[in-house]
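Residue 119 in our numbering sits at position 74 of the sequence shown, with consecutive numbering throughout. By construction, the Cβ of each residue, glycine as well, lies at the ideal position given by its N, Cα and C atoms. Worksheet: one structure, shown below.
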Amino acid sequence: MSTVELVVAQDAADAARRVAELLAAAASRGGDLALSGGSTPRPAYELAAELEPDWSAADVWLGDDRLVPPDDERSNLRLVREHLTDRLRGAPRLHAIETSLPAEDAAAAYDAALEGVVLSLALQGLGGDGHTASLFPNAPALESTARAVAAEPGLDPRVDRVTMTLPVLCAAEEVVFLVTGADKADAVRRAFAEPPSPATPASLVRSRDGRTLAILDPAAASLLPST
Ligand code: 6PG
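Okay, structure coming up:
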């Protein structure tokens, strides 16, 4: 398992810019990119669309999604459309999770769609409890060898989720975490400066053969041991 390159940006905007540059470069190379939900990556998506308006060579996947209609404000598909793909001149192939299906069926369909796909870049968020995608602390999904599984509802009690699993994420050529804010500082410490543990799922997501980057703002990095 590779180590993590920690990048402490000047501030949250600088962190977003660095991620946007990575996304834009990956999109113009034309690989399979997995994107995360959450509020943190929105500025990075918008800037990536400005930097590279032609994503027609790329395939975009969702690392996870909630099983809500595509226009629901909790939908990661909606997030990615609004902040990224709707802003592009050249649209990528956007691989949505079938959120109208029961969770097990939606997961099986996404698993099948992902067969043979090696992600060139997996963008990851980090929850305050150490989750990433919809891989929650000590969840059975962490043990799965499937490419995508139904996830526990997690922080949204009534909303089922589907998530990519560790085998797919760790096979990515590049794993990039984007984490900002003091409320994430302890999770950052556990994910990037402690031994890997299922109690902190993000600590298990590392590119097996490529590189893993954690792009942080100073607040998120504030509890990391100084080097
Ligand atoms: C989602 C993702 C989740 C997210 C983190 C961080 O919410 O769709 O599943 O893993 O990336 O919870 O979210 P914030 O960026 O909103 O803090």
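For this session: Tell me whether the beta-carbon of LEU171 lies closer than 9 Å to the beta-carbon of VAL233.
Result: Walking along the sequence shown from the start, residue 171 turns up at place 126. Walking along the sequence shown from the start, residue 233 turns up at place 188. Against a cut-off of 9 Å, the Cβ pair of VAL233 and LEU171 comes out as a contact.
Exercise. Around the Cβ of VAL224, are there at least 16 other Cβ atoms within 10 angstroms (buried) or fewer (exposed)?
Worked result: For the purposes of this step, residue 224 is taken as the residue at position 179 of the sequence shown. Classification for VAL224: buried.
For this session: Apply the 10 Å Cβ neighbour rule to ALA102 and answer buried if 16 or more other Cβ atoms are within range, or exposed otherwise.
Result: On the sequence shown, residue 102 is found 57 positions in, with the first residue counted as 1. Exposed, since its Cβ has fewer than 16 Cβ neighbours within 10 Å.
Exercise. Is the segment 169 to 185 in contact with the segment 237 to 248, if contact means three or more CB pairs nearer than 8 Å?
Worked result: yes
Exercise. Does DSSP put HIS140 in a helix, in a strand, or in coil?
Worked result: Position 95 of the sequence shown, counted from the first residue, corresponds to residue 140. Strand at HIS140.
Exercise. Any idea what DSSP makes of LEU211, helix, strand or coil?
Worked result: Your numbering for residue 211 matches position 166 in the sequence shown. DSSP places LEU211 in helix when its eight states are reduced to three.
Exercise. Is it right to say GLY82 is buried, meaning 16 or more other beta carbons lie within 10 angstroms of its own, or is it exposed?
Worked result: In the sequence shown, the residue the question calls residue 82 occupies position 37. Looking at its Cβ environment, which holds 16 or more other Cβ atoms inside 10 Å, GLY82 is buried.
Exercise. How should PRO212 be labelled, buried or exposed, when 16 other C-beta atoms within 10 angstroms of its C-beta is the threshold for buried?
Worked result: Your numbering for residue 212 matches position 167 in the sequence shown. Under this definition PRO212 is an exposed residue.
For this session: Could you name the residues of the same chain whose beta carbon sits closer than 8 Å to that of PRO182, not counting the 5 residues immediately before and after it, in chain order?
Result: In the sequence shown, residue 182 corresponds to position 137, counting from 1. Closer than 8 Å at the Cβ level, and outside the excluded window around PRO182, lie ASP174, GLY175, HIS176, PRO243, ALA244, THR245 and PRO246.
Exercise. Three-state secondary structure (DSSP) at ASP150?
Worked result: For the purposes of this step, residue 150 is identified with residue 105 of the sequence shown, where counting begins at 1. Note: ASP150 maps to helix in three-state DSSP.
Problem set entry | Secondary structure of GLU188, DSSP reduced to three states | Taking the first residue of the sequence shown as 1, we reach residue 188 at position 143. In this structure, GLU188 counts as helix in the three-state DSSP scheme.
Exercise. Do the segment 203 to 219 and the segment 154 to 165 make contact, defined as three or more Cβ pairs closer than 8 Å?
Worked result: yes
Exercise. Taking just the CA atoms, how far does ALA141 sit from THR85?
Worked result: For this step, residue 85 is matched to residue 40 along the sequence shown. For this step, residue 141 is matched to residue 96 along the sequence shown. C-alpha separation (whole angstroms): 20 Å.
Exercise. How is the alpha helix (DSSP H) around ALA231 delimited, first residue to last?
Worked result: Position 186 of the sequence shown, counted from the start, is the residue given in the question as residue 231. As written in the sequence, residue 231 is Asp, which differs from the Ala given in the question. ASP231 -> alpha helix (DSSP H) spans 230 to 238.
For this session: Flag GLY108 as yes when its Cβ comes closer than 8 Å to any non-hydrogen atom of the ligand 6PG, and as no otherwise.
Result: Start at 1 with the first residue of the sequence shown, and residue 108 comes out as number 63. Yes, the Cβ of GLY108 comes within 8 Å of a heavy atom of the ligand 6PG.
Exercise. Who are the near neighbours of PRO114 in its chain, counting only those whose CB is closer than 8 Å to its CB and skipping five residues on each side?
Worked result: By one-based count along the sequence shown, residue 114 stands at place 69. The residues are SER120, THR144 and SER145.
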